[in-house]
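Those protein sequences? They're chains A and B, same order as listed.
Note that this note's numbering has the first sequence beginning at 1, numbered continuously upward.
Note that this note's numbering has the second sequence beginning at 341, numbered continuously upward.
Ideal Cβ placement from N, Cα and C applies to all residues, glycine included.
Source: prediction; values computed, not measured.
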Amino acid sequence: MNKIKKMVGKDLDLSILVGLALLVLVTVAGAFGGSMYSGRNIQSMAFQIPEFGFLALAMMLSNMVGGIDLSIIANANTVAIFTAYVLNGTWAFGTEGIARVILALIVAAVTSLIFGAFNGLIIAKTSAPSLIATLGTMTLIQGIGMALTGGSSIGDIDPLFAEFGKSVVLGLPLIFWLFLLVSLILGLILSLTGFGRKLYLYGGNPVAARFSAVNNEKMSILVFMATGFLAGMAGLIILSRVNSAKVGYGDSYLLQTMIVCVIGGISPNGGKGKVQGVVIAIIMMQVMSSAFTIMSLSPYTKKLIWGIMLVLVLGLNHVIAAYSQKRTLKQSMKNLQSAQ
Amino acid sequence: MEPILCARNISKSFIGVRALNNIDITINAGEIHCLAGENGCGKSTLVKCISGVYTPDHGEVEISGEKYKNLTPIEAMNKGIQVIYQDLSLFQHMTVAENIAISKLKFEGNKTINWKKIKSIAKEQLNKIGVKMNLDETVGEISMANRQMVAICRALAQDAKILFMDEPTTALTKTEVDHLMKIMLELKKKGLAIVFISHKLDEVFTVADTITIFRNGDKIGDFNSKDLDEKSLSYHMTGREIEYPRYHRTCKDNSPILEIDHLTRKGQYEDISMTIRPGDIIGLTGLLGSGRTELAMSLFGLNPTQSGSIRINGKETSIASPMAAKKQGIALLPEDRFNQGLFIERKIKENISSALIDTICKKGLIRKAEEDTIAQKYVNELKVRTPSIETVVGTLSGGNQQKVVIGKWTATAPKVFIMDTPTVGIDIGSKSEIYEQIHKFADGGMAIIFISDEIQEIMANCNRVIVLANGKCIREFDENELGQDGADKIITDLIGSQSAEEVTP
Ligand SMILES: Nc1ncnc2c1ncn2[C@@H]1O[C@H](COP(=O)(O)OP(=O)(O)O)[C@@H](O)[C@H]1O
Ligand SMILES: [Mg+2]
């Protein structure tokens, strides 16, 4: 019991989140019984998680440096469009089969990184708030997709690639494993590398970071490149699941990624939060979303519930912040006393 | 003498500091009451508690017989409490007249603007303090001293009964300070209570009737100003009689580390030259806004210079960024510890390693053991009082926080360490420990630029001193000159001598 108390004390946010997630899982189980956690439903949830999950991870990174990336969905769709053009032979440059798929992946990686770098450059060089900068690039990137497709969806892609979105390994979709793997790598990068450390410092206090000779501009560019890359991954997943790409797919994800980040313990002011938290929040959201589907709620009701959740979580965060402030104050008084 | 304000048992803590500890204070009408104490002893915090900006953790404020536990700023203003903060909080783009009248009009609930009324209010208030000013000039264009007058008039326009002035003289020259003091005495005669905050002893004695002395959040006592002299006041403020040990350069190496030549950035500093050798502790002093911080920022790559040259170890370089500065062996302890120096929510060890991340990484991965070793080493060396290196830095006291920032830069083994007001808001114990460390660094061959306006501190720590005014170097003192009797007096006079009017371009 003491051990648990200590763990809870050490990471209050994450502990509350785990508790909340368990509560949701159990409530849903109670309400829907077997149908919710049947093998089939779990698998179907696991198919839906990755496309949203990658977008949420992208949003998380931009939040962690105290910013926001509104262009992630536009990025994902336009990357998917580029990739689809390669995969359906329009831009294949004579490649076939596996070579074409590899070319498509390279194109996806390069375009998503370029979009991200462009965001990062604007933010670093003009010190425009990321909200404004990415609102602009969102429109720009969407415009590129629009100019290429005229709004129609690009399909007819290489079946080899579509396989990727459908295959199941060890009972779970391949793309779900991929999502878990990328989350794990991202988590390790944040907690173990110099880059991760600088990201937390820069995100928490960019002024002090500058005064500590951290290269803020470089950090901003790298972080937004990583954000762009993750959004591009989401684009690939969408393409492989839907078998086509078009402008405007999944626009409603934007709000949800922000909700998931807040629930997952990412401070929108930057410098705080962990990948674990966001992954738990993503899974929780999916479970609830499935429950809503089983209950056949209208989209408006769903939106209402998400909105209420966001407000509740923000309120809860406020209470927690006030509480930990008090705790820190107490701790600091203890430190003062022991110093004297 | 009738008391119009009584504060009782006021306590207020912030993370890392007990800023006020059970303070009682009584303010009388028609009296100039001085709050004295070193930087960071809690004077501003007390003013904010009394004027409703902060809610104290304990205690109550009684104003003309009414008791408040949770005083709001509006209530305080209604009761005639007016505060002029250090930054004055004026509207830079509005005219003198508008600045003076606006709060009064708002206060009285006027919905429309009557330009004639604005001017008449402004004129009336300026007459009260006997100052002539162009009412139509925008505040951004007038001198610091005149802005001060505008702020005073604005307070008077709102029927101030108690006027708090938080360090009004830090950016004023000697003549301007004298003028301000005269006005304060005039206002006192008219029955106003003035609470004047300063850590400069001569000013305190010129005007104060009562002096309340603070040290480290504690009230030392109320004194009649006739019962104190500079020596006893200083003793009460610092809590010690002994003087700090004086620094003497022992380093034998006379080849310059850092030479700057005619360095200029218009509007900030002009034509600054100096040569720094290993073991030098150069005091850089001057009024707030004299260009000292701007020069420091330039040497650290945060404020591009316009002309002039910088040489390090004889080689000409440009310092375009903090990264470049670090590479050249230049470190900066910034002025604002809370925002610029520390990652307040991060652990001590993460703060100490923050300028060294690339060094402690191997193949991109942080070597945690090495990080711990370095952190522990500097925590021990600088005597940071903390339960562990895992402690969040924001929970430490101000002095220990500052030691962490010093440790962070010492860990990079700098050749030149620029320290911008390193002991502001720091308790006496930590202060002398920090001085001791600085002397040790210099003995080891580090060159130090020590920015400060506390004259005792400069005399104790520096072997050379440069006085800046209006962005120009007005005098340099070498070790011999500093050793002579009365050098401190000469420097103090120099700091306030040159007119501030000349700075404003
Ligand atoms: N908002 C705040 N948050 C945290 N610490 C503060 C805050 N305001 C003041 N302090 C700390 O409280 C102490 C007293 O500060 P202050 O009242 O400004 O001193 P003074 O005006 O006498 O120089 C200092 O150690 C300062 O760092
Ligand atoms: Mg103050």
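Min CB distance residue i to chain A below 7 Å
| i | result |
| --- | --- |
| glycine 531 of chain B | no |
| isoleucine 697 of chain B | yes |
| glutamine 680 of chain B | yes |
| lysine 759 of chain B | Here residue 759 of chain B turns out to be methionine, not lysine, going by the sequence shown. So, not an interface residue. |
| serine 579 of chain B | Here residue 579 of chain B turns out to be glycine, not serine, going by the sequence shown. Closer than 7 Å: no. |
| cysteine 389 of chain B | no |
| isoleucine 355 of chain B | yes |
Residue-chain proximity (residue i, chain B), Cβ-Cβ < 7 Å
| i | result |
| --- | --- |
| glutamine 331 of chain A | yes |
| serine 212 of chain A | yes |
| glycine 155 of chain A | no |
| lysine 218 of chain A | no |
| leucine 201 of chain A | yes |
| alanine 124 of chain A | no |
| lysine 326 of chain A | no |
| leucine 336 of chain A | yes |
| alanine 322 of chain A | no |
| lysine 274 of chain A | no |
Whether residue i touches residue j by CB criterion (7 Å)
| i | j | result |
| --- | --- | --- |
| serine 693 of chain B | glutamate 711 of chain B | yes |
| asparagine 361 of chain B | aspartate 506 of chain B | no |
| alanine 497 of chain B | isoleucine 537 of chain B | no |
| methionine 577 of chain B | glycine 377 of chain B | yes |
| valine 732 of chain B | valine 744 of chain B | no |
| alanine 416 of chain B | serine 391 of chain B | yes |
| threonine 257 of chain A | alanine 56 of chain A | yes |
| isoleucine 766 of chain B | glycine 739 of chain B | yes |
| isoleucine 81 of chain A | threonine 149 of chain A | yes |
| glycine 194 of chain A | isoleucine 697 of chain B | yes |
| valine 471 of chain B | methionine 489 of chain B | yes |
| glycine 626 of chain B | aspartate 499 of chain B | no |
| leucine 211 of chain A | glutamine 680 of chain B | The amino acid occupying residue 211 of chain A in the given sequence is phenylalanine; leucine does not appear at that position. Result yes, Cβ atoms of phenylalanine 211 of chain A and glutamine 680 of chain B sit closer than 7 Å. |
| threonine 78 of chain A | leucine 239 of chain A | no |
C-alpha gap between residue i and residue j, whole angstroms
| i | j | result |
| --- | --- | --- |
| proline 845 of chain B | glutamate 481 of chain B | With a pLDDT of 35 at proline 845 of chain B, under the threshold of 50, the modelled position of that residue is not reliable, and the figure given next carries that caveat. Looking at the two C-alpha atoms, the distance is approximately 9 Å. |
| serine 112 of chain A | lysine 125 of chain A | 20 Å |
| serine 296 of chain A | serine 220 of chain A | 42 Å |
| serine 127 of chain A | histidine 433 of chain B | 24 Å |
| tyrosine 609 of chain B | leucine 628 of chain B | 13 Å |
| serine 443 of chain B | glycine 704 of chain B | 57 Å |
| valine 311 of chain A | isoleucine 305 of chain A | 10 Å |
| aspartate 833 of chain B | isoleucine 795 of chain B | 11 Å |
| aspartate 783 of chain B | lysine 592 of chain B | 10 Å |
| cysteine 374 of chain B | asparagine 653 of chain B | 49 Å |
| leucine 430 of chain B | leucine 682 of chain B | 29 Å |
| lysine 512 of chain B | glycine 228 of chain A | Before going further, note that residue 512 of chain B is leucine rather than lysine in the sequence given. Taking the straight line joining both Cα atoms gives about 52 Å. |
| arginine 651 of chain B | leucine 598 of chain B | 6 Å |
| valine 843 of chain B | lysine 606 of chain B | Because the pLDDT of valine 843 of chain B is 40, which lies under 50, any placement of that residue in the model is unreliable, and the number read from its coordinates should be weighed accordingly. Going by the C-alpha atoms only, they are around 10 Å apart. |
| glycine 382 of chain B | phenylalanine 54 of chain A | 50 Å |
Element boundaries [beta strand (DSSP E), containing residue i]
| i | result |
| --- | --- |
| arginine 632 of chain B | Element bounds for arginine 632 of chain B: not the beta strand (DSSP E) but the alpha helix (DSSP H), 632 to 639. |
| threonine 604 of chain B | 598 to 605 |
| phenylalanine 504 of chain B | 502 to 506 |
| glutamate 400 of chain B | 398 to 403 |
| arginine 494 of chain B | Unbroken run through arginine 494 of chain B is the alpha helix (DSSP H), 484 to 497; no beta strand (DSSP E). |
| aspartate 562 of chain B | 558 to 564 |
| glutamate 341 of chain A | Coverage of chain A is limited to positions 1 through 340, which leaves residue 341 of chain A absent and any answer about it impossible. |
| serine 613 of chain B | 609 to 616 |
| phenylalanine 757 of chain B | 756 to 760 |
| valine 423 of chain B | 421 to 424 |
Cross-strand partners of residue i (DSSP beta bridge)
| i | result |
| --- | --- |
| histidine 373 of chain B | B:Val535 and B:Thr550 |
| glycine 623 of chain B | B:Phe790 and B:Val805 |
| isoleucine 363 of chain B | B:Ile350 |
| valine 732 of chain B | B:Lys687 |
| cysteine 701 of chain B | B:Ile706 |
| serine 649 of chain B | B:Asp601 |
Endpoints, alpha helix (DSSP H) assigned at residue i
| i | result |
| --- | --- |
| asparagine 418 of chain B | 413 to 418 |
| asparagine 41 of chain A | 39 to 64 |
| alanine 664 of chain B | 662 to 667 |
Any non-hydrogen atom of ligand 4 within 6 Å of residue i CB
| i | result |
| --- | --- |
| serine 384 of chain B | With respect to ligand 4, the structure offers nothing, as its ligand set consists of ligand 1 and ligand 2. |
Cβ-based contacts, 8 Å cut-off: residues of the segment 382 to 411 of chain B near chain D: Any reference to chain D falls outside this structure, whose protein chains are A and B.
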